[in-house]
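For reference, the structure is listed below as structure tokens.
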Amino acid sequence: MHSCNYDICFHALLLFGFFVGLLLSVSAMDRYDLIIKDEQHYQTFNVPSSVVTLAKRQVSPDAPDTSPMFRTEKRTRKRKEPSLLKHDHAALKAVSMFFKNDHVSLEQAMARHNVPKKGNIIADAHTSSVHIYTPNRASHHVSGGEDHDAATDIAPFSHEVLRNSHGRKPAGYDGKKQLTARAAEKYIIDGTATDDKNALELAKSKIAQKYRKKGTLLATWREIARTDPSKAREMKTQAPRRLKSEDYIPLRAHQLHHQRKVASLEIGVQMAKEENERELSRKRNNRLIAKSRPKKL
Numbered sequence: 014m015h016s017c018n019y020d021i022c023f024h025a026l027l028l029f030g031f032f033v034g035l036l037l038s039v040s041a042m043d044r045y046d047l048i049i050k051d052e053q054h055y056q057t058f059n060v061p062s063s064v065v066t067l068a069k070r071q072v073s074p075d076a077p078d079t080s081p082m083f084r085t086e087k088r089t090r091k092r093k094e095p096s097l098l099k100h101d102h103a104a105l106k107a108v109s110m111f112f113k114n115d116h117v118s119l120e121q122a123m124a125r126h127n128v129p130k131k132g133n134i135i136a137d138a139h140t141s142s143v144h145i146y147t148p149n150r151a152s153h154h155v156s157g158g159e160d161h162d163a164a165t166d167i168a169p170f171s172h173e174v175l176r177n178s179h180g181r182k183p184a185g186y187d188g189k190k191q192l193t194a195r196a197a198e199k200y201i202i203d204g205t206a207t208d209d210k211n212a213l214e215l216a217k218s219k220i221a222q223k224y225r226k227k228g229t230l231l232a233t234w235r236e237i238a239r240t241d242p243s244k245a246r247e248m249k250t251q252a253p254r255r256l257k258s259e260d261y262i263p264l265r266a267h268q269l270h271h272q273r274k275v276a277s278l279e280i281g282v283q284m285a286k287e288e289n290e291r292e293l294s295r296k297r298n299n300r301l302i303a304k305s306r307p308k309k310l
């Protein structure tokens with residue numbers, strides 16, 4: 014009797030296990046079919062990317078490989094391609110400057126960012142329909158009674174103003190007239206000046222003050238070189254390279270020794286001579302380059 018009951022229980026357990034295994038296999042097959050059909054469910058079921066790629070290749074062997082590595086590479090290439098040309102970027106910057114600043118006209122903004130006038134959509138669209146405030150161009154229209162220097166001034170925001178957007182500075186970039194014109198532009202943008210003439214006057218005053226300060230400092234260095242070169246240790250600025258070699262070398266040697274850049278004053282003298290020679294070589298090369306340039310007619 015007991016053996017019969019054991020046989021019945023054993024067969025019942027086997028039958029129950031068979032049904033459970035069948036249900037698990039069916040659910041696993043449904044899950045695999047969902048992974049193949051819909052790519053959006055990959056992350057939901059936490060399937061490894063290698064298994065997903067293998068399953069996709071088994072379903073369509075001829076399909077192109079669209080793994081994340083190749084998609085990222087394509088996106089990177091697209092970002093590197095310039096969407097706008099150089100003059101288009103300059104035109105957008107000019108328009109932004111025009112709308113952000115009430116003291117700058119569209120023509121001035123275009124000149125500031127070197128936007129070409131011919132064939133420019135911005136210039137054609139705005140100058141024909143919009144009244145633009147343009148500061149007084151007193152620097153271009155000079156009467157006979159005014160100073161001669163005013164007639165030779167460079168007007169702010171004009172195409173005569175040299176820009177240093179990138180690369181080497183153009184020849185004459187640090188000239189007095191160029192510095193004055195760029196300083197006048199800042200006064201106009203800030204709203205400090207009322208017109209071009211006022212801006213140029215303020216800029217001239219600022220540049221003149223700067224030159225006076227530099228001249229006073231240079232005279233102080235020459236006096237130190239003539240009397241006591243060791244006082245160069247007390248100066249806060251570096252010895253100017255415009256000085257003569259016999260003045261620059263001892264002053265710079267004392268500075269190098271005071272700053273502990275050299276072990277002794279003799280080594281400082283040697284290093285100062287090398288610096289001075291490099292400066293002289295640079296000046297000679299610049300003179301040769303200036304002579305080789307074609308002269309303006």
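With the first letter of the sequence shown counted as 1, position 214 gets the number 227 in the working numbering; the numbers rise by one all the way through. Backbone N, C-alpha and C define an ideal beta-carbon position, used for all residues, glycine too.
Can you tell which of Ser171, Leu256 and Ala221 has its C-alpha closest to the C-alpha of Lys189? Numbered from its first residue, the sequence shown carries residue 189 at position 176. Comparing Cα-Cα distances from Lys189 to each of Ser171, Leu256 and Ala221, the minimum goes to Ala221.
For Ala216 and Ala104, I'd like the C-alpha separation in whole angstroms. Reading the sequence shown from its first residue, position 203 is the one you call residue 216. Reading the sequence shown from its first residue, position 91 is the one you call residue 104. C-alpha separation (whole angstroms): 27 Å.
Reduced DSSP secondary structure (H/G/I, E/B, other) of Val108: Start at 1 with the first residue of the sequence shown, and residue 108 comes out as number 95. Note: Val108 maps to helix in three-state DSSP.
Once DSSP output is grouped into helix, strand and coil, what is the label at Arg337? No answer is possible for residue 337: the residues shown for the chain start at 14 and end at 310.
If you measure between the beta carbons of Asn289 and Ser243, is that distance less than 9 Å? For the purposes of this step, residue 289 is taken as residue 276 along the sequence shown, with counting starting at 1. For the purposes of this step, residue 243 is taken as residue 230 along the sequence shown, with counting starting at 1. Contact: no.
Per-residue burial, Glu279 [other beta carbons within 10 Å of its own, 16 or more giving buried]: The residue you call residue 279 lines up with position 266 of the sequence shown. Result: exposed.
Contact between the stretch 164–173 and the stretch 185–205 is defined here as three or more beta-carbon pairs at a separation below 8 Å; is this criterion met? With a cut-off of 8 Å, the stretch 185–205 and the stretch 164–173 count as touching, because enough Cβ pairs lie within range.
So Leu293 and Gly281 are in contact, right, with Cβ under 8 Å, and what is the actual spacing, rounded? Here residue 293 refers to the residue found at position 280 when the sequence shown is read from its first residue. Here residue 281 refers to the residue found at position 268 when the sequence shown is read from its first residue. Taking a contact as a CB-CB distance under 8 Å, the pair Leu293 and Gly281 does not count as one, their CB atoms being some 19 Å apart.
Using a Cβ-Cβ cut-off of 8 Å (strictly less than) and excluding sequence neighbours within five positions of Val117, which residues of its own chain qualify? Taking the first residue of the sequence shown as 1, we reach residue 117 at position 104. If we look at Val117 and ignore the five residues flanking it on each side, its Cβ neighbours are Met110, Phe111, Arg125, Phe170, Ile201 and Ile202.
Please determine, among Ser38, Lys219, Leu37 and Asp260, the residue with the shortest C-alpha to C-alpha distance to Glu236. For the purposes of this step, residue 236 is taken as the residue at position 223 of the sequence shown. That would be Asp260, whose Cα lies nearest to the Cα of Glu236.
Near Arg306, which residues of its chain fall below 8 Å by C-beta distance, leaving aside the five closest residues on each side in sequence? Residue mapping note: residue 306 aligns to position 293 of the sequence shown, counting from 1. Once the five neighbours on either side are set aside, the close Cβ partners of Arg306 are Ala184.
Would you mind stating whether Leu231 and Pro263 have Cβ atoms separated by less than 9 Å? The count along the sequence shown starts at 1 and reaches residue 231 at position 218. The count along the sequence shown starts at 1 and reaches residue 263 at position 250. No, the pair does not count as a contact, with Cβ atoms beyond the cut-off.
Here's the rule I'm using: 16 or more other beta-carbon atoms within 10 Å means buried, otherwise exposed. How should Val128 be labelled? Counting from 1 along the sequence shown, the entry for residue 128 is found at position 115. Label assigned to Val128: buried.
Check whether the Cβ atoms of Met284 and Arg265 lie closer than 9 Å to each other. The residue given as residue 284 occupies position 271 in the sequence shown. The residue given as residue 265 occupies position 252 in the sequence shown. Contact: yes.
Determine the contact status of Ala168 and Ala194, defining contact as a CB-CB distance below 9 Å. Here residue 168 refers to the residue found at position 155 of the sequence shown. Here residue 194 refers to the residue found at position 181 of the sequence shown. In contact: Ala168 and Ala194 (Cβ atoms closer than 9 Å).
As a quick exercise: from Tyr186, Lys113 and Gln272, pick the residue whose alpha carbon is nearest that of Thr250. Taking the first residue of the sequence shown as position 1, residue 250 is located at position 237. Out of Tyr186, Lys113 and Gln272, Gln272 has the C-alpha closest to the C-alpha of Thr250.
Using the rule of at least 16 other Cβ atoms within 10 Å of the residue's Cβ for burial, across every protein chain shown, is Ala197 buried or exposed? Residue 197 sits at position 184 when you count from the first residue of the sequence shown. Ala197 comes out buried.
Grab the span of the alpha helix (DSSP H) containing Arg297 for me, first residue to last. Here residue 297 refers to the residue found at position 284 of the sequence shown. Where Arg297 is concerned, the enclosing alpha helix (DSSP H) stretches over Leu278 to Ser305.
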